[in-house]
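Sequential numbering from 551 applies to the sequence shown in our numbering. Think of the CB as a built atom: it goes at the ideal place given N, C-alpha and C, for glycine as much as any other residue. Single-structure report; data block below.
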Amino acid sequence: MFSRTGGDAYKEGLDNIISLSMLYGEPQEHFKCIHVAGTNGKGSTSHIIASVLQHSGYKVGLFTSPHLIDFRERIRINGEMIPKQDVVDFVNNYINSGHTGQPSFFEITTIMAFDYFRREKVDYAIIETGLGGRLDSTNIIMPELCVITNISFDHTQYLGNTLSQIASEKAGIIKPGIPVIIGEATGEVREVFAEKAESMHSPITFAEDAKQIKSHKRENDCLVLETAQNGTIIDALAGECQLKNANTALHAIHALQKLGLNITQQAIEEGFANVCRTTGLMGRWMVVNDKPRTVCDTGHNAGGVQYIVHQLAKEKYRKLHIVLGFVSDKDVTHILEIFPRYATYYFTNANIPRSMAAKDLFTLASAHDLEGNYYSSVSEAYQVAMQAASPDDMIFVGGSTFIVADFLEYLHKNQQHD
């Protein structure tokens, strides 16, 4: 599993997924879909689009990664996770199929999702890429619409060391004649997308050229958006980065309307306002406690962390406590430079082999004047932070998707015991 062990589980190329697709009768040919790629924001954007389509009365499949608590979060229809028995049956079927390939965890999961969406006859499926685009396992679909949220440095060992190289990989999802929405792109990155779209004769829209969000304010942990075409919208996703995601999603929704989908103003308003409840989305500036105010967020690269730190600076608190951890195969020095020096840190590691050891992170962070201590588990780090925090303090938990996953799993177990 790439998410657990890193590069050893990464398999480049589409041969395996094409072989699996043939084994299962090319399930991706049997439903309409929207393909979403990008470095940051593709999960939030995918969930917003899915939520709006659900509120429009469509039966909507949603394939995303990684999961936080339960593997089945990756494969949903109208917000409901794939049943356990369907997962068991699919795996048993594959084991007994005689297939001689060596598919990766993600390749198997992708075909499981496509097969489930076909059997359940979804109207539309929102398909999020796992890594990159051109050689991503999901890139055997022929979508109605492509969306690329943005490009920043992440997974450079697989996608390239320059933004234009990474953009070229993401641009690999652009298909002949299929409209594409680009959330955020400047300079050489914009040129890469424009050239690819032109070569494919694909209509391209740069979302930032015609911003849908005219102004915004934050109320009750929601964003109140004043939009160019859709009036006032309440967005349940309140993180700083969500302004760009909302703009991208609105452009995607308008493109789907032009393609003939029946999406009403009411569906747009309800889709944004209820995105977490409708789709099961977790871990995006997620408020889990009031006193002390406790928030977790899965932002894990420099682009995502900048938004988080900017938002932390706007929050009101007496003292800031940060429970922080990363994966070991990522250069985090430039990320550590972004974090505030005034916070108290609780360095930790997630319960996966790929996690950076808490002591190693503590040593690295000390060189960047980030002060605190290290703990052997996320639950221990959080408990110590809770003991140290007063009701008018703030606790932030993040740095890695897996830190948030361990944190939410700890909260989930505690709630069950309560």
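Give the DSSP-derived three-state secondary structure of Ile625 in the structure shown. Three-state DSSP puts Ile625 in a strand.
Tell me which same chain residues have a C-beta within less than 7 Å of the C-beta of Thr614, skipping the five on either side of it? Gly593, Ser596, Arg624 and Glu678
Roughly how many angstroms lie between the CA atoms of Glu741 and Ile732, to the nearest whole one? 12 Å
Between the C-alpha atoms of Asp879 and Thr755, what's the straight-line distance to the nearest angstrom? 35 Å
Just verifying my parser: in three-state terms, what is the DSSP assignment at Phe700? It is Asn, not Phe, that sits at residue 700 in the sequence shown. Three-state DSSP puts Asn700 in coil, outside helix and strand.
What would DSSP say about Gly683, mapped onto helix, strand or coil? coil
Collapsed DSSP secondary structure at Leu874 in the structure displayed: strand
For the region 576 to 589 and the region 664 to 676, state whether three or more C-beta atom pairs, one from each stretch, are separated by less than 8 Å. yes
Local conformation of Tyr960 per DSSP, three classes: helix
Mind checking whether Gly1048 and Asn770 have CB atoms under 8 Å apart? Residue 1048 is absent from the structure shown; the chain starts at 551 and stops at 968.
With burial defined as no fewer than 16 other Cβ atoms inside 10 Å of the residue's Cβ, what is the status of Lys720: buried or exposed? buried
Where Ala735 falls: helix, strand or coil (DSSP): coil
Three-state class that DSSP yields for His585 in the structure shown: strand
What separation, rounded to the nearest whole angstrom, lies between the Cα atoms of Glu748 and Leu914? 45 Å
Got a sec, what are the start and stop residues for the alpha helix (DSSP H) Asp565 sits in? Boundaries of the alpha helix (DSSP H) harbouring Asp565: Asp565 to Leu573, taken from the DSSP string.
Counting only runs that start and end within the region 902 to 948, where is the beta strand (DSSP E) found for 3 or more residues in a row? 922 to 924 and 944 to 948
From Ile676 to Ile567, what does the alpha carbon distance come to, in whole angstroms? 18 Å
Within 10 Å of its beta-carbon, does Met572 have 16 or more other beta-carbons around it, so buried, or fewer, so exposed? When all chains shown are included, Met572 counts as exposed.
Note down the Cα distance separating Glu865 from Pro729, rounded to an integer number of angstroms. 39 Å
Could you tell me the alpha carbon to alpha carbon distance between Leu874 and Asn899, rounded to whole angstroms? Approximately 8 Å, taken between the alpha carbons.
Start-to-end residues for the beta strand (DSSP E) that takes in Leu612: Segment Val610 to Phe613, the beta strand (DSSP E) holding Leu612.
Nearest by alpha-carbon distance to Ala663: which of Glu576, Ile598, His649 and Asn812 is it? Glu576
Smallest Cα separation from Leu961: which of Thr844, Ile783, Gly821 and Lys746? Among Thr844, Ile783, Gly821 and Lys746, the Cα nearest to that of Leu961 is on Thr844.
Based on the DSSP secondary-structure assignment, which residues constitute the bridge partners of Lys767? Val774
Element boundaries [beta strand (DSSP E), containing Glu678]: Tyr674 to Glu678
When Ser718, Tyr574, Asp665 and Pro903 are compared against Gly648, the one with the closest alpha-carbon: Nearest option by C-alpha distance: Tyr574.
Do Ser714 and the ligand HEM come close, with the Cβ less than 7 Å from some heavy atom? Judged by which ligands are present, the structure shown has none, so any question about the ligand HEM falls away.
Output the distance between the C-alpha atoms of His884 and Asn851, rounded to the nearest integer angstrom. Going from the Cα of His884 to the Cα of Asn851 covers about 9 Å.
According to DSSP, simplified to helix, strand and coil, what is Thr894? strand
Give the DSSP bridge partners of Asn839, in chain order. Residue pairing from DSSP places Asn839 in a beta bridge opposite Thr844.
Let's see if you can read the secondary structure: which residues bound the alpha helix (DSSP H) around Thr659? Phe655 to Arg669
Ile661 versus Val882, Glu738 and Ile691, residue with shortest Cα-Cα distance: Ile691
Compute the Euclidean distance between the alpha carbons of Val774 and Cys846, then round it to the nearest angstrom. 21 Å
Identify the continuous beta strand (DSSP E) that holds Ile599 and give its terminal residues. In the DSSP assignment, Ile599 falls outside any beta strand (DSSP E) and lies within the alpha helix (DSSP H) extending over Lys592 to His605.
Within the continuous alpha helix (DSSP H) that includes Asp636, where are the two ends? Note, Asp636: alpha helix (DSSP H), Lys634 to Ile645.
Pick helix, strand or coil for Thr782, following the three-state DSSP scheme. strand
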